[in-house]
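Scroll down for the structure; my scribbles are underneath it.
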Amino acid sequence: MRSLAGPIVALSALLLSGCPDGSTPPSASQPTKPTPADKKPDPPPPPKPAEVDPFAHVQVGQVYVFRIDYGTPMTERREITAKTESEVTASVRDELPVSPLGMPPAAPRTKTTPRAEPALPRGAVVLRSETLTVSGVKFDCEVREEDDSENPGAKVQVWVSRKYPGEVKKTSGAKTLLELIEIRG
Numbered sequence: 002m003r004s005l006a007g008p009i010v011a012l013s014a015l016l017l018s019g020c021p022d023g024s025t026p027p028s029a030s031q032p033t034k035p036t037p038a039d040k041k042p043d044p045p046p047p048p049k050p051a052e053v054d055p056f057a058h059v060q061v062g063q064v065y066v067f068r069i070d071y072g073t074p075m076t077e078r079r080e081i082t083a084k085t086e087s088e089v090t091a092s093v094r095d096e097l098p099v100s101p102l103g104m105p106p107a108a109p110r111t112k113t114t115p116r117a118e119p120a121l122p123r124g125a126v127v128l129r130s131e132t133l134t135v136s137g138v139k140f141d142c143e144v145r146e147e148d149d150s151e152n153p154g155a156k157v158q159v160w161v162s163r164k165y166p167g168e169v170k171k172t173s174g175a176k177t178l179l180e181l182i183e184i185r186g
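Counting with the working numbering, you get residues 2 to 186 for the letters of the sequence shown.
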């Protein structure tokens, strides 16, 4: 029968001599430091918040009602018919309080407006910021003074907002030429 004394002595000598790299083995009471292989990778950074869509409240089927007076008072209804990342399209219908000479109302026309930041026309200046509220929607507007395309040499004030693709209000002196008065739907 073979003796186990030799292998046990060799194993004891190995265990008592330390680690192969010359360091001493940790005791059961000492925690071990994680090695690079044991370390968990850092979690990925949180995603960047999505840019808020300024036209989020503009929905297909909504009707934007404007009061217009460029000499003949009327109402203009702009029904949103399409909305993409780059533009908003509306079916526009003008309504006169009394049709001249009994004529039928004009057929609706289509208006497509880019959703880009409203550009400052040449010669225009920004006067102030102002908030308009229509049907519970707040429009933070930039009020600009620019040349009146209808009356050369005259100036108009125009309210533009990143929340609506186009003018929200327009005045000439004390007269309101165009104003968003209601949002339906």
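Note that beta-carbon positions come from the ideal geometry of N, C-alpha and C, so glycine has one too.
On a predicted model such as this, the values are computed, not experimentally measured, just so you know.
message = Would I81 and V89 be called neighbours here (beta carbons separated by less than 8 Å)?
response = On the sequence shown, position 80 is the one that residue 81 refers to. On the sequence shown, position 88 is the one that residue 89 refers to. For the pair I81 and V89, the CB atoms are nearer than the 8 Å cut-off.
Nearest-angstrom beta carbon gap, S173 and A155 [assumed within contact, 8 Å] = Working through the sequence shown from its first residue, we reach residue 155 at position 154. Working through the sequence shown from its first residue, we reach residue 173 at position 172. Indeed, because the Cβ distance is near 7 Å, the residues count as touching under 8 Å.
request  = Could you tell me the boundaries of the beta strand (DSSP E) in which A83 lies?
outcome  = Residue numbering aside, residue 83 sits at position 82 when the sequence shown is read from its first letter. Counted as a single uninterrupted DSSP element, the beta strand (DSSP E) harbouring A83 occupies residues 74-84.
task = Compute the distance between the beta-carbons of L133 and V159, then report whether it is under 8 Å.
result = Within the sequence shown, residue 133 is the residue found at index 132, counting from 1. Within the sequence shown, residue 159 is the residue found at index 158, counting from 1. No. Outside cutoff.
inquiry  = DSSP has I184 in a bridge; who is on the other side?
reply    = In the sequence shown, residue 184 corresponds to position 183, counting from 1. For I184, DSSP records a beta bridge to Y65.
key: Burial state of S162 (16 or more Cβ within 10 Å)   = As a working note, residue 162 is residue 161 in the sequence shown. Flag for S162 reads buried.
inquiry  = Using C-beta distances below 6 Å, list every residue in its chain close to A267, excluding the 5 sequence neighbours before and after it, in chain order.
reply    = Nothing can be reported for residue 267: it is not among the residues displayed for the chain, which extend from 2 to 186.
request  = Would you give the residue range spanned by the beta strand (DSSP E) that V144 belongs to?
outcome  = On the sequence shown, position 143 is the one that residue 144 refers to. Residues 138-148.
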